[in-house]
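This report concerns only the one structure given below.
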Amino acid sequence: MAHRRDGSPGRGSVHPQTPPLRRATAIGPTIAPPDCRRCPTLAANRHRVVGGYGAVPAEVMFVGEAPGRHGADLTGVPFTRDRSGRRLQAILIRLGLSLEDDPAVERPRLRRSYLTNVVRCNPPGNRRPTASETTACLPYLLEEIAHVRPRILVPVGLLASRALLRWLGLPTGRMRDLHARPIPVPPGVGPDGLQFVLPLRHPSRASNAELDRFAQALSALLLSNRAN
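Listed below in structure tokens is the structure:
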């Protein structure tokens, strides 16, 4: 399902109605209302609705699948407290996308980067979000992408990778084939300024070597932009 630069759907595509941008916080916009009840099972299970945070606009936007039960569901900040969050924050520090020295900081100050999730609530048992839950939350994510205006989108994990690639009308595949592979976004597709999708295997499953390969790929994209 291809989308034009203005964010409108291409011919024959179905685009969910995008809600208005919600209130802003100190670390970034909260796109979903804190009392959202679109998914009753998630609303009954979550500690909180978790919005994104970081620099706006941002050169790089990371999109996970959902807040972690032992991380963002407790802190309210995506990719914090749990092991996956610390591993991702370490990459941000390495690439100069964070102003912190410690990946365990729970309200990190980011530069040129923004972190969020496809789904805003933690699913029961920390399971993967269902297709209906992903669809219900997708309008919030699309509004967030339009607000952040990234040049590089980094979907974290298979669910986020498939959701974003399908939204852009780009081919999907297995995570082992998508991981750390820069996918050019054709002119006229997606929001204005978006140039690449760079999928990342979920940090809870990725090896150190895979994370290093991703960091090198993202570093190359960042450097190429500065050279231009």
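Offset between the sequence shown (1-based) and the numbering used here: plus 1498.
By construction, the Cβ of each residue, glycine as well, lies at the ideal position given by its N, Cα and C atoms.
Since the model is a prediction, treat every value here as computed from it, not as a measurement.
Report the rounded CA-to-CA distance for residue i versus residue j, giving the unit in angstroms.
| i | j | result |
| --- | --- | --- |
| Leu-1721 | Ala-1715 | 10 Å |
| Val-1575 | Val-1603 | 10 Å |
| Arg-1609 | Leu-1636 | 25 Å |
| Asn-1543 | Asp-1533 | 13 Å |
| Arg-1573 | Val-1558 | In the sequence on display, residue 1573 carries Thr and not Arg. Cα to Cα, the separation comes out at about 22 Å. |
| Phe-1694 | Ala-1661 | 15 Å |
| Gly-1583 | Asp-1710 | 16 Å |
| Ala-1553 | Arg-1618 | 19 Å |
| Pro-1555 | Leu-1586 | 20 Å |
| Pro-1684 | Ala-1644 | 17 Å |
| Leu-1613 | Ala-1588 | 14 Å |
| Arg-1520 | Phe-1560 | In this prediction, Arg-1520 scores a pLDDT of 42, lower than 50, which makes its location untrustworthy; the coordinate-derived value is nonetheless stated afterwards. Straight-line Cα distance between these residues: approximately 20 Å. |
| Pro-1621 | Gly-1655 | 16 Å |
| Ala-1524 | Asp-1690 | Residue confidence for Ala-1524 is low, a pLDDT of 35 falling below 50, so the modelled location carries little weight and cannot support an answer. |
| Val-1646 | Gly-1623 | 31 Å |
| Arg-1649 | Asn-1723 | 9 Å |
| Arg-1679 | Ala-1707 | 14 Å |
| Asp-1580 | Leu-1597 | 19 Å |
| Gly-1569 | Arg-1605 | 12 Å |
| Leu-1595 | Gly-1566 | 22 Å |
| Val-1541 | Ala-1530 | According to the sequence shown, residue 1541 is Ala rather than Val. Computed Cα separation, rounded: 12 Å. |
| Asp-1571 | Thr-1539 | 15 Å |
Per DSSP, what kind of secondary structure is residue i in: helix, strand or coil?
| i | result |
| --- | --- |
| Pro-1576 | coil |
| Gly-1566 | coil |
| Leu-1709 | helix |
| Thr-1628 | coil |
| Pro-1648 | coil |
| Ser-1727 | There is simply no residue 1727 to check, as the chain begins at 1499 and stops at 1726 in what is shown. |
| Leu-1698 | strand |
| Gly-1671 | coil |
| Gly-1552 | strand |
| Cys-1728 | Outside the shown range of the chain, which is 1499 to 1726, sits residue 1728, and nothing can be said about it. |
| Cys-1635 | helix |
What residues in its chain sit with their C-beta under 6 Å from that of residue i, if we drop five residues either side in the sequence?
| i | result |
| --- | --- |
| Ala-1634 | Arg-1536 and Cys-1537 |
| Arg-1546 | Gly-1574 |
| Met-1673 | Leu-1656 and Arg-1699 |
| Ser-1702 | Ser-1582 |
| Pro-1653 | Val-1561, Ser-1659, Leu-1662 and Pro-1697 |
| Phe-1577 | Gly-1583, Leu-1586 and Leu-1613 |
Return the chain-ordered list of same chain residues with a C-beta closer than 7 Å to the C-beta of residue i, the five sequence neighbours on each side being excluded.
| i | result |
| --- | --- |
| Arg-1626 | Glu-1563 and Leu-1657 |
| Pro-1601 | Arg-1584, Gln-1587, Ala-1588 and Ile-1591 |
| Pro-1517 | Caution applies to Pro-1517, whose pLDDT of 39 falls short of 50 and renders its modelled position unreliable; the model cannot decide the point. |
| Gly-1526 | Confidence is the limiting factor: at Gly-1526 the pLDDT is only 49, short of 50, which leaves the residue's position unreliable, though a coordinate-based value still follows. Closer than 7 Å at Cβ, skipping near neighbours: Gly-1549, Gly-1550, Tyr-1551, Gly-1552, Val-1554 and Tyr-1612. |
Could you spell out where the alpha helix (DSSP H) holding residue i opens and where it closes?
| i | result |
| --- | --- |
| Ser-1582 | 1581-1592 |
| Arg-1664 | 1656-1666 |
| Leu-1540 | 1538-1543 |
What does a CB cutoff of less than 8 Å around residue i pick up in its chain, not counting 5 residues either side in sequence?
| i | result |
| --- | --- |
| Thr-1632 | Val-1616, Val-1617, Leu-1657 and Ala-1661 |
| Thr-1670 | Ser-1659, Arg-1660, Leu-1663, Arg-1664 and Leu-1676 |
| Leu-1593 | Ala-1713, Leu-1716, Ser-1717 and Leu-1720 |
| Asp-1599 | Ile-1591 |
| Ala-1704 | Arg-1585, His-1677, Leu-1698 and Phe-1712 |
| Ile-1681 | Leu-1663, Leu-1668, Phe-1694, Val-1695, Leu-1696 and Pro-1697 |
Quick one: give me the first and last residue of the beta strand (DSSP E) that residue i is part of.
| i | result |
| --- | --- |
| Ser-1611 | 1611-1615 |
Which one or two residues does DSSP pair with residue i in a beta bridge?
| i | result |
| --- | --- |
| Met-1559 | Tyr-1612 and Leu-1651 |
| Pro-1682 | Phe-1694 |
| Ser-1596 | Leu-1608 |
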